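Quick note, the sequences are listed as chains V and U, same order. Quick note on numbering: the UniProt record's numbering labels position 15 of the first sequence as 15, and the sequence is numbered without any gaps. Quick note on numbering: the UniProt record's numbering labels position 997 of the second sequence as 997, and the sequence is numbered without any gaps. Cβ coordinates follow ideal geometry from the N, Cα and C atoms, glycine included. Every value quoted in this text rests on a predicted model; they were computed, and no experiment measured them. Heads up, the thing below is written out as structure tokens.
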Amino acid sequence: MAEARTNSVREAMDTLQEISRLLNTGLDSETLSICVRLIEQGVNPEALASVIKELRRETAALKAAERIGSPSPD
Amino acid sequence: MKKLDAVKPVPKKDEAELRNLREENARLRKRVHTLEETIASLQITSVTMQKDMCDIRQSQDVLKVKVSNVREEIRKERKKRLTVPDGSTGREGKCIRRKMAAWRKEFEKDAKALIRCTTGFQEEDEHFSTCLEFVTSNFRFHRFLDVDSHKVDRIIDGLCDKYTVHSKADTADTLRGLILRLLELPITQEKLCSKSDTHYSVLSLLLCLSETPTSVDFQQQVSARTQEEKDSFDWTSYLLEGIDIDTGPFPDTPPWSDDDEDENDNTSSDNDSLSTSNNQQVASLRKDLVQYAEQGWLPKADWLKNNVMTQYWSERPQTMELTNTHHTANLTNIWEMHQYSSDPFYKCADRTPLTETQAMRESLWTLGGCRQSFLYRCREHKLLLMNNIKVSHITPDALQSILQKLAWYGNITLSLHHMIDSVLTRSFSCHDNSTSEPVSRTQQAFTSALLRCLQDFNKKLASLERRLVSQEELVTLSTMIGTLQEQFGELEMLYTVYHLGVASPSTDKTNDVLTASRLLSVLYQNILQFNTLGDAAHTKLPLLLPLWIQTLRPYLEIIDGWVNKGNLIDPAREFIIQRNGNVDVFHEDFWESAFLVSNSSVHQAADTPGSSLSQISMKETHQEENLHDKNTGKEERDHQEEEFIPVFLKSVFKEIILAGKSMELLKALGKMGGRVEFPVPLYEEFVESLKVFLDVSDAPDQTCTGPSPPDHVGTAQVPSTMLHRVLDTAVKDSLLEKNFLKAIVTDSSEPEQDGTRSAVLLEGSQPVQLALQRCLYPHILQRCSTVSRLLVELLKTEYQLEDYLQAMHKFFLMEAGDAMHNFYTPLFAKLSAGEEWQDVSVLNSQLHSAIQQHHSQHADRLSVTVEASQVEETQPIDQLQCLTLCYRVPWPVDIVITSACQNVYNQVFQFLLQLKWAKYCLDELKFADLSCPDVQTDRSVESEDVPARQKQHRMHLLRLRLLHFINALHSYFMTRILYTTALEFQRELSEASDLNRVIEAHTAFLTKLYQRCMLHKKAGLLKMAVRRMLNMAVSFQTLWDHGLHNISLESLETMEDEFQKCNDFLGSFFINMSRRGSFPHMESLALSLRMGSA
Chain V
1 MAEARTNSVR EAMDTLQEIS RLLNTGLDSE TLSICVRLIE QGVNPEALAS VIKELRRETA
61 ALKAAERIGS PSPD
Chain U
1 MKKLDAVKPV PKKDEAELRN LREENARLRK RVHTLEETIA SLQITSVTMQ KDMCDIRQSQ
61 DVLKVKVSNV REEIRKERKK RLTVPDGSTG REGKCIRRKM AAWRKEFEKD AKALIRCTTG
121 FQEEDEHFST CLEFVTSNFR FHRFLDVDSH KVDRIIDGLC DKYTVHSKAD TADTLRGLIL
181 RLLELPITQE KLCSKSDTHY SVLSLLLCLS ETPTSVDFQQ QVSARTQEEK DSFDWTSYLL
241 EGIDIDTGPF PDTPPWSDDD EDENDNTSSD NDSLSTSNNQ QVASLRKDLV QYAEQGWLPK
301 ADWLKNNVMT QYWSERPQTM ELTNTHHTAN LTNIWEMHQY SSDPFYKCAD RTPLTETQAM
361 RESLWTLGGC RQSFLYRCRE HKLLLMNNIK VSHITPDALQ SILQKLAWYG NITLSLHHMI
421 DSVLTRSFSC HDNSTSEPVS RTQQAFTSAL LRCLQDFNKK LASLERRLVS QEELVTLSTM
481 IGTLQEQFGE LEMLYTVYHL GVASPSTDKT NDVLTASRLL SVLYQNILQF NTLGDAAHTK
541 LPLLLPLWIQ TLRPYLEIID GWVNKGNLID PAREFIIQRN GNVDVFHEDF WESAFLVSNS
601 SVHQAADTPG SSLSQISMKE THQEENLHDK NTGKEERDHQ EEEFIPVFLK SVFKEIILAG
661 KSMELLKALG KMGGRVEFPV PLYEEFVESL KVFLDVSDAP DQTCTGPSPP DHVGTAQVPS
721 TMLHRVLDTA VKDSLLEKNF LKAIVTDSSE PEQDGTRSAV LLEGSQPVQL ALQRCLYPHI
781 LQRCSTVSRL LVELLKTEYQ LEDYLQAMHK FFLMEAGDAM HNFYTPLFAK LSAGEEWQDV
841 SVLNSQLHSA IQQHHSQHAD RLSVTVEASQ VEETQPIDQL QCLTLCYRVP WPVDIVITSA
901 CQNVYNQVFQ FLLQLKWAKY CLDELKFADL SCPDVQTDRS VESEDVPARQ KQHRMHLLRL
961 RLLHFINALH SYFMTRILYT TALEFQRELS EASDLNRVIE AHTAFLTKLY QRCMLHKKAG
1021 LLKMAVRRML NMAVSFQTLW DHGLHNISLE SLETMEDEFQ KCNDFLGSFF INMSRRGSFP
1081 HMESLALSLR MGSA
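Listed below in structure tokens is the structure:
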């Protein structure tokens, strides 16, 4: 019974992964599972989406600044 | 009626029209009537509608109030649920608190994981905490509404329409299908409901994060993954093993339909999903190759196929070949299945299957210095293990841990290779580009020695790799690590040395002196450390000792060049001593300031024997402060110098400096040719001595044996010289001696004695300090003593050092009494007469004529000057303060007799001159000048003669007492102080074996003179008392010359009192000092003064 439940949940996660890929969200499986857990804990999905976007944006800006500041040794 | 008659009958035509008009009129009336009715009804309706509107408005207001009330209640309810009262001790409160704490913990953990996945920051990064705060605050406080399922449905519908518009209807269908399937499945394990808020929330999240979905070329993969799960067990091949199955007329046809195969071929990632198709492809390919081989196209295709390794480093998907179906050989898959079954969120990482041999070879290449490989990548000079492989029989975590260990050692070799490369590059660029700074030779030597060590290590790796390649024996990762354990220990040791000696930060990173010194010190200390471990470090010491010796070579060569030839050749400025270019060899400060210890903050002389003289020559008011500052400054300098000096050179450091300076001086004097020769370089002598001392034979294997020696080692082969050396140098212990003697004498092969012999045979068994004392220090000390002695002899013989010192004593300390008497007598006469005496030319001619008779050779060197007095002349005795003698000392003697020394001599000279003047003043007094008038000639003034006689008598007495005091003082200084001190100095000078000792003896002599002549500030009271007495003598002479009648009793009494006080004070002081025993030479003076005061 538990196994069937686990399989169903896994299937749901796979489906979710497919949808995510189709919609080009850029989320990998690990991040997606974390987002699902956060939503289960009551986090607002739109707030979560805005946070992820903001984090991505800031990370890209930091990496661009680092790349400009120090060229890669390779 | 007329009107009616007038009216003509209406024609028939008009009647029809009239009838029509009437009918139309009736119709119109009816219409108006209906319209009026309609209007009336409409009016009624509008009235009712208005009423309804009013009712609706009222009900809306009521509803609004109700809604606000309900919201208020909901808010209160929520607050009640979230906040538990402080005083609540109920079970519900505790449960809620526990749940909240668990929820917070879980939430924080997930938030951190989200940050890690999205940004890549780790918890230690500086931005991580900022991100966490941002995430937490945004999750708690936001303005977004709760998810509305209808809104989500509308968005999905809109998206599907968009797909359709973009000619992607199949994608739209796929999307709808996937969403429907998702909504039917449970998304959490706790609730098995479908179409829950969670479903829509997740969908809402994905929709918010989607970016231009129409531009993505989507290919569905879910079906292939399900197939992969079934195929990973590979039960088919296992079950079909040995069984022939008729695969039909088309055995090569793949089992799936063309559409599915096309979809599989088009997938860009997930190699495992095509494993089954690839297997069949490989089988078909093999058959084709066999066919071609039979046809002769590829004669050795089979050999190629069996012997050429698959390129696992390329992007092509690989399959894991299972050679063994035992569960231990398939541990990775079993572990994955277990993970898969236990954790619904588990995702199998994309890893390339490798064999253990391949992983070992990759590791060996990395250990050999390869920067980039499939398994290890170099990022910012650090090797990172790429967690991208899997081995069939090792779980990923176990593989990771073992490879991480190898990566760590790979990092060590990478660092060492990087250091070697950088030094080589800088060395070559230095040769090409003359403007760039040269590389430290010590570092170059260390690098070359290290390179040799790494080459030995690489040879070992190469032999191991040959074993792996041959595959004749079983080699696993753990056995490989076991085989290389010893080499790893050596690598760690080399890395420690490199890290402490080269890479560790120093106070001044550009200071090669500290780098070189620290490197040598670190090597030496490591040797000492391993030396004490004895057999436990029997492999490390043979590696470390040659490394240290080779690294030491440039240092020794610099010392050798400096001590042997007087040239301090140090292009990289790495030697502890640096030449001060501002001071040339002909400068009088050469000995003190020409060589500096290289510490960045302080530039002080390497050896400062003359520093104390500079203190003496300073004014008394600043003397003590400067002395204190000098002492503390010297201590700080010594501490800083200690840090820069290599540890093993500290005991001979001063000798090296002395020899170097002496050699440079000899070179400048041009006296090096044929006198100082050390044909064998210091380094070679050191190595030869070391070899002899350690008794290293030509067979190196003998020295590297383990604790248990082979059976053929007998007493005949025991080097008894080594044991005798141990006996000679070790602590004299009877038991030790007895035991070692037994080891030499007996022929027995007892294991303890054999162990002892083998311990002696091992290299490095002797203490390293002892080796240095026997092999390095004697050579350095021999050079130093030879050079120093030669220099002192030259100075004494060819440059008349002693003669010049004698001349200084003669003139400044008035040992040439006759000549100086001839000089100062006319001077004193002028002073007493009150005449002008400060004419320099007159003084000089006076001086030269005084020394002409017996000391004419010094005439051109000796002169006298009169300086403007800086101290206010408060007393007559101070008039002579401005007179200074000047003796022009030639180079190189002026290294010993410096200008500071001459200052001290002058101070003593001035004091002696004052003393002599005081004596002269008293000696020249004539009784006749003070005679009282004849009493008999004039009896009327008889009463006035009584006090005059008394005065006269008292004057005579005072004169005698003063004369006695001055004579005693004069005799004390001239005989007891000057003479005996000079004798002591002569003795020390004759015993001095180097110039340092000469300078120290001279400095000590002058210091003693300075102190004993009461010129030091500590003797201020004494000096003041003596000055007063001297001044009293001069004043007494003036008084005497004025005549008896001009002398008042009061002034006489004052003078007598003053004399008595000073005399008593000085007498008691000298007596106390002589009684203490610390100044025995004061005893005679004390007795003289006592006699004088009696």
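Would you kindly work out how many angstroms separate the C-alpha atoms of residue i and residue j, rounded to a whole number?
i         : j          : result
Asn-20/U  : Ala-26/U   : 10 Å
Glu-261/U : Ser-284/U  : Confidence in Glu-261/U is poor, its pLDDT being 48 and thus under 50, which makes the residue's placement too unreliable to answer from.
Leu-801/U : Glu-1053/U : 52 Å
Leu-27/V  : Asn-388/U  : 20 Å
Tyr-979/U : His-964/U  : 21 Å
Ser-689/U : Leu-367/U  : 37 Å
Ala-868/U : Cys-882/U  : 6 Å
Ile-44/U  : His-33/U   : 17 Å
Thr-981/U : Gly-670/U  : 35 Å
Lys-30/U  : Asp-55/U   : 37 Å
Arg-385/U : Leu-528/U  : Checking the sequence shown, residue 385/U turns out to be Leu, not Arg. Using only the alpha carbons, I get a separation of about 36 Å.
Ala-449/U : Asp-589/U  : 41 Å
Met-974/U : Ala-928/U  : 31 Å
Asp-421/U : Leu-159/U  : 59 Å
Leu-813/U : Val-908/U  : 7 Å
Val-147/U : Arg-377/U  : 45 Å
Within 10 Å of its beta-carbon, does residue i have 16 or more other beta-carbons around it, so buried, or fewer, so exposed?
i         : result
Leu-957/U : exposed
Leu-207/U : buried
Pro-213/U : buried
Met-13/V  : buried
Asp-560/U : buried
Ser-748/U : The predicted position of Ser-748/U is uncertain, since its pLDDT is 39 and thus under 50; a value taken from the coordinates is nonetheless stated next. By the neighbour-count rule (16 or more Cβ atoms within 10 Å), Ser-748/U is not buried but exposed.
Trp-103/U : exposed
Gly-581/U : exposed
Arg-57/U  : exposed
Asp-839/U : exposed
Asp-994/U : buried
Gly-410/U : buried
Arg-67/V  : exposed
Asn-7/V   : exposed
Would you grab the beta carbon distance between residue i and residue j for me? Rounded to a whole angstrom, and I think it's under 8 Å.
i         : j         : result
Leu-556/U : Leu-682/U : 5 Å
Ala-47/V  : Asn-138/U : 6 Å
Pro-824/U : Lys-926/U : For clarity, residue 824/U is Tyr in the given sequence; the question names Pro instead. That belief does not hold up - the Cβ atoms of Tyr-824/U and Lys-926/U are roughly 20 Å apart, past 8 Å.
Leu-831/U : Gln-879/U : 6 Å
Quick check: does the Cβ of residue i come within less than 7 Å of any heavy atom belonging to the ligand MN?
i         : result
Met-480/U : Ligands are entirely absent from the displayed structure, and the ligand MN is therefore not among its contents.
Under 8 Å between C-beta atoms, does residue i make it to chain A?
i         : result
Val-202/U : Reference to chain A is not applicable here, since the protein chains of this structure are V and U.
Quiz item: Of all the residues that make up the stretch 1-19 of chain V, which are near chain U by a beta-carbon distance shorter than 9 Å?
Solution: Ala-2, Glu-3, Arg-5, Thr-6, Asn-7, Ser-8, Val-9, Arg-10, Glu-11, Ala-12, Met-13, Asp-14, Thr-15, Leu-16, Gln-17, Glu-18 and Ile-19
Self-check item: Segment contact, 8 Å Cβ cut-off, at least three pairs: the stretch 1013-1026 of chain U with the stretch 1035-1046 of chain U
Solution: no
Exercise. Residues of the stretch 162-176 of chain U with a CB closer than 8 Å to any CB of chain V: list them in chain order, please.
Key: Thr-171, Thr-174 and Leu-175
Self-check item: Segment contact flag, the stretch 779-789 of chain U with the stretch 808-821 of chain U, C-beta cutoff 8 Å, min 3 pairs
Solution: no
Exercise. Residues of the stretch 415-426 of chain U with a CB closer than 9 Å to any CB of chain V: list them in chain order, please.
Key: none
Quiz item: Going along the chain, which residues of the stretch 22-43 of chain V sit with their C-beta nearer than 9 Å to a C-beta in chain U?
Solution: Leu-22, Leu-23, Asn-24, Thr-25, Gly-26, Leu-27, Asp-28, Ser-29, Glu-30, Thr-31, Leu-32, Ser-33, Ile-34, Cys-35, Val-36, Arg-37, Leu-38, Ile-39, Glu-40, Gln-41, Gly-42 and Val-43
Exercise. With 8 Å as the C-beta to C-beta threshold (strictly closer), list the residues of the stretch 92-118 of chain U near chain V in chain order.
Key: Trp-103, Glu-106, Phe-107, Asp-110, Ala-111, Ala-113, Leu-114, Ile-115, Cys-117 and Thr-118
Exercise. Residues of the stretch 50-73 of chain V with a CB closer than 8 Å to any CB of chain U: list them in chain order, please.
Key: Ser-50, Val-51, Ile-52, Lys-53, Glu-54, Leu-55, Arg-56, Glu-58, Thr-59, Leu-62 and Pro-73
Exercise. Specify whether the stretch 769-780 of chain U and the stretch 646-657 of chain U touch according to this definition: at least 3 beta carbon pairs, one from each stretch, less than 8 Å apart.
Key: yes
Exercise. Taking 8 Å as the threshold, find out whether the stretch 397-407 of chain U comes into contact with the stretch 353-368 of chain U through three or more Cβ pairs.
Key: yes
Quiz item: If we count Cβ pairs, one from each stretch, closer than 8 Å, do we get three or more for the stretch 175-193 of chain U versus the stretch 328-336 of chain U?
Solution: no
Self-check item: Interface positions of the stretch 205-216 of chain U facing chain V (Cβ-Cβ less than 8 Å), listed along the chain
Solution: Leu-205, Leu-206, Leu-207, Cys-208, Leu-209, Ser-210, Glu-211, Thr-212, Pro-213, Ser-215 and Val-216
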